[in-house]
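Some notes on the structure that comes next.
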Amino acid sequence: MLARKKRNTPVIVITAFLILLIAVVPQFTSTYTVRILSVALINYLCVLSVYVLLGLCGQNSFAQAGFWGIGAYIAGNILTKTFGGSLTAFVAAVCGTAFLAFILGFAFFRLRQYYFTFASIGLMTILNVLFINWVDFSGGALGMKEIPTFQLFGFSADSETSKLYVVFAVCLVATFLILLLFHSSLGRSFMAIRDNEMAADSMGINSLLTKSIAFAISGALCGAAGAMWASVSGYLSYQSFTYNQSTIYLVMIMIGGTGSPIGALIGTAAITILQEGFRSLQDYMQLIYGIGVIILMIFQPEGIWGGGKILYERFRKHREKSKVSAV
Amino acid sequence: MFIQLLISGIAVGVIYGLIAMGMVLIFRTVGIMNFAQGDFLMFGGYFAYTFNQMFGLNIVISLILAALCMGVIGVIFMRTSYWALRKAQAKAIIVSAMGASIVLREGARHIWGAIPLTLDRVKEGSVVLAGATIQWQYVAIIGIALLMMLLVYFLLEKTFIGNIMQATAQDQYMSSLVGIPVVVSIGLTFALSAVITGICGGLLAPIFFLNNTMGTMAGSKAFAAIVIGGFGSVPGAIIGGLIVGLVEQFGGAYISSTYQLALIYIVLIVFLMFRPKGLFQEKIQEKA
Chain A
347 MLARKKRNTP VIVITAFLIL LIAVVPQFTS TYTVRILSVA LINYLCVLSV YVLLGLCGQN
407 SFAQAGFWGI GAYIAGNILT KTFGGSLTAF VAAVCGTAFL AFILGFAFFR LRQYYFTFAS
467 IGLMTILNVL FINWVDFSGG ALGMKEIPTF QLFGFSADSE TSKLYVVFAV CLVATFLILL
527 LFHSSLGRSF MAIRDNEMAA DSMGINSLLT KSIAFAISGA LCGAAGAMWA SVSGYLSYQS
587 FTYNQSTIYL VMIMIGGTGS PIGALIGTAA ITILQEGFRS LQDYMQLIYG IGVIILMIFQ
647 PEGIWGGGKI LYERFRKHRE KSKVSAV
Chain B
389 MFIQLLISGI AVGVIYGLIA MGMVLIFRTV GIMNFAQGDF LMFGGYFAYT FNQMFGLNIV
449 ISLILAALCM GVIGVIFMRT SYWALRKAQA KAIIVSAMGA SIVLREGARH IWGAIPLTLD
509 RVKEGSVVLA GATIQWQYVA IIGIALLMML LVYFLLEKTF IGNIMQATAQ DQYMSSLVGI
569 PVVVSIGLTF ALSAVITGIC GGLLAPIFFL NNTMGTMAGS KAFAAIVIGG FGSVPGAIIG
629 GLIVGLVEQF GGAYISSTYQ LALIYIVLIV FLMFRPKGLF QEKIQEKA
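So the sequences go chain by chain: A and B. Each residue of the first sequence is one higher than the one before, counting from 347 in this note's numbering. Each residue of the second sequence is one higher than the one before, counting from 389 in this note's numbering.
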């Protein structure tokens with residue numbers, strides 16, 4: 347019991363800190379900063395989906411931005427064209443994307459590792475072409491405009507701050523569910539597949555089904571992020587949902603560390619701060635970003651959180667050793 | 389129309405095939421897919437532009453000089469974003485290659501600007517063949533590409549250096565035991581790969597314009613070529629490239645030009661579904 351409590355300490359501390367931050371920041375800063383926080387949290391949801399797929403299940407997919415787009419367009423369509431409420435749109439985006447990911451997962455996970463990654467690049471490109479050309483669904487090149495904001499039981503998220511609170515609540519619930527998943531038997535079978543698929547198969551895990559479920563869960567997270575994005579930005583353009591966006595998610599999780607949702611959070615925060623902090627350097631921003639990624643991978647291939655953890659373990663062992671020698 | 393499309397499909401296809409071949413050379417040696425290969429193409433094009441348009445040299449000489457520069461770039465790339473990470477997990481190396489790809493793209497934008505550029509064709513004008521007008525550039529591309537394939541074949545199969553590179557690709561530890569300097573050998577492989585891809589950039593630039601994002605698109609088509617041809621197979625990469633080029637040209641003309649790109653990937657996914665190991669399969673089964 348004690349061990350379990352200790353393991354969750356960082357999560358609780360960080361959650362408390364974030365709640366404080368989210369509560370305090372909008373009071374003092376401009377709506378621009380609040381908007382950036384909302385976008386960062388939406389990105390965090392997508393990075394969390396990469397965590398489920400890559401960190402837990404060991405599968406590398408480049409189609410996440412595509413699923414994000416599908417979620418966004420489903421929510422956008424329901425909100426603008428039918429009389430469905432916000433809740434309907436959200437549930438439809440999550441379930442629809444998850445269902446699509448599950449079906450595609452069954453087809454695509456017949457391929458292993460590298461082959462799956464390439465198929466996912468293909469999927470991403472096809473989805474992007476669909477977003478550009480399927481005018482009825484996505485508004486085509488003009489995009490989808492004037493999507494109403496989130497409304498639930500008379501509460502309407504009109505201001506940037508209230509939008510931020512809604513996104514934050516979704517993030518909290520999602521993170522909590524993913525932590526539950528981590529400690530469940532399904533989560534353990536994900537990790538078994540990550541470590542050695544053949545061994546997992548021989549232990550009686552249906553690897554095709556399990557990987558498809560992982561894909562569906564990551565799809566659901568992306569769908570939730572998409573629904574949030576539709577109501578936060580109010581405008582959807584195919585230019586958001588590209589292969590490049592998917593690579594940014596991968597970079598984010600690798601920078602944070604693939605070992606835990608905290609890594610996803612740190613990675614998202616690091617990239618967002620880097621992008622906003624160096625905005626004054628505009629022209630050289632991307633260059634610095636690229637060099638930063640290489641340097642970080644060279645010195646900290648486990649990511650910031652993973653590397654910090656290793657350092658902490660080493661420090662703890664060292665301290666224990668010195669204690670023993672003192673006795 | 390048919391012959392025109394056939395020739396342009398083959399010309400574009402051999403270019404994709406050569407980019408794919410560059411990737412396969414790196415993949416066979418270090419077991420990592422190079423996500424920055426498309427940017428080698430872009431950089432090669434810009435080097436050729438520098439020698440051709442800025443210094444006013446003949447296009448063929450410019451291409452040769454650009455190839456030499458690309459060799460240096462390849463070695464620098466290998467030293468900075470692969471060698472330091474060779475013991476890390478594959479996904480760390482992939483991410484560092486993505487970082488390098490951003491650096492190359494942005495570096496090119498700072499050096500040469502973001503305006504699309506063009507350079508001289510190897511031979512201007514066109515020829516009429518069986519009622520179809522064919523640009524000389526396409527013919528030149530096919531010719532130079534064939535020459536390059538032959539040269540690479542001779543380099544890898546018949547020369548001492550090529551044997552060293554192949555030995556390193558088969559087993560790095562073993563080749564270090566027999567006295568092969570592994571770092572030099574891997575560096576040469578990266579250089580060769582960058583040279584092949586860079587020349588392609590110089591050849592492709594007069595047809596598609598030269599800008600700093602051209603590499604991403606060409607690189608992703610080369611990925612498709614590799615998967616269709618079979619991982620780690622050089623002839624497979626060339627055949628895969630030809631299939632991609634022909635599907636692109638014919639699909640764009642006869643089926644739908646808006647869904648041209650999607651078409652390539654639909655072919656790719658169909659291949660993955662029904663022949664997941666590609667046309668030229670690896671003989672070795674997966675080991676536990």
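Each residue gets a CB set at the ideal place from its N, CA and C atoms; glycine is no exception.
So what does DSSP say about residue i, is it helix, strand or coil?
i	result
residue 502(A)	strand
residue 505(B)	strand
residue 598(B)	strand
residue 521(B)	strand
residue 621(B)	coil
residue 366(A)	helix
residue 582(A)	strand
residue 396(B)	helix
residue 649(B)	helix
residue 585(B)	helix
residue 723(A)	A question about residue 723(A) goes unanswered here, because the residues of chain A that appear run from 347 up to 673.
residue 392(A)	helix
residue 665(A)	helix
residue 458(B)	helix
residue 541(A)	helix
residue 609(B)	helix
residue 566(A)	helix
residue 403(A)	coil
residue 492(B)	helix
residue 568(B)	coil
residue 474(B)	coil
residue 551(B)	helix
residue 530(A)	coil
residue 550(A)	coil
residue 546(B)	helix
residue 486(B)	helix
residue 593(B)	coil
residue 510(B)	coil
residue 372(A)	helix
residue 479(B)	helix
residue 389(B)	coil
Kindly give me the distance between the Cβ atoms of residue i and residue j, rounded to whole angstroms, as I take these residues to be in contact under 8 Å.
i	j	result
residue 436(B)	residue 454(B)	4 Å
residue 360(A)	residue 611(A)	7 Å
residue 628(B)	residue 432(B)	About 21 Å; that fails the 8 Å criterion.
residue 586(B)	residue 458(B)	3 Å
residue 410(A)	residue 462(A)	With 8 Å as the limit, residue 410(A) and residue 462(A) do not qualify as a contact, their Cβ atoms being about 13 Å apart.
residue 578(B)	residue 466(B)	4 Å
residue 569(A)	residue 416(A)	7 Å
residue 577(A)	residue 493(A)	6 Å
residue 602(B)	residue 596(B)	6 Å
residue 639(A)	residue 483(B)	6 Å
residue 572(A)	residue 439(A)	6 Å
residue 430(B)	residue 496(B)	6 Å
In terms of DSSP beta bridges, what is residue i paired with?
i	result
residue 410(A)	Residue 410(A) is not bridged to any residue.
residue 515(B)	522(B)
Using a Cβ-Cβ cutoff of less than 7 Å, which residues in the same chain neighbour residue i once the five nearest sequence positions on both sides are dropped?
i	result
residue 555(B)	563, 568
residue 646(A)	653
residue 533(A)	402, 527
residue 391(B)	517, 518, 520
residue 544(B)	550, 553, 554
Give me, in chain order, the residues of the same chain whose beta-carbon lies closer than 6 Å to that of residue i; leave out the 5 immediate sequence neighbours on both sides.
i	result
residue 618(A)	386
residue 598(A)	393, 613, 614, 617
residue 641(B)	393
residue 377(A)	506
residue 638(B)	393
Output needed for residue i: all residues of its chain with C-beta closer than 8 Å, excluding positions within five of it in sequence on either side, in chain order.
i	result
residue 433(A)	498
residue 536(B)	406, 584, 587
Sequence ranges, alpha helix (DSSP H) only - wholly within the stretch 445-526 of chain A, length at least 4: 459-479, 481-484
Runs of alpha helix (DSSP H) wholly within the stretch 405-447 of chain B (minimum 4 residues, chain order): 425-437
Start-end ranges of the alpha helix (DSSP H) lying completely within the stretch 627-658 of chain A, minimum 4 residues: 628-645
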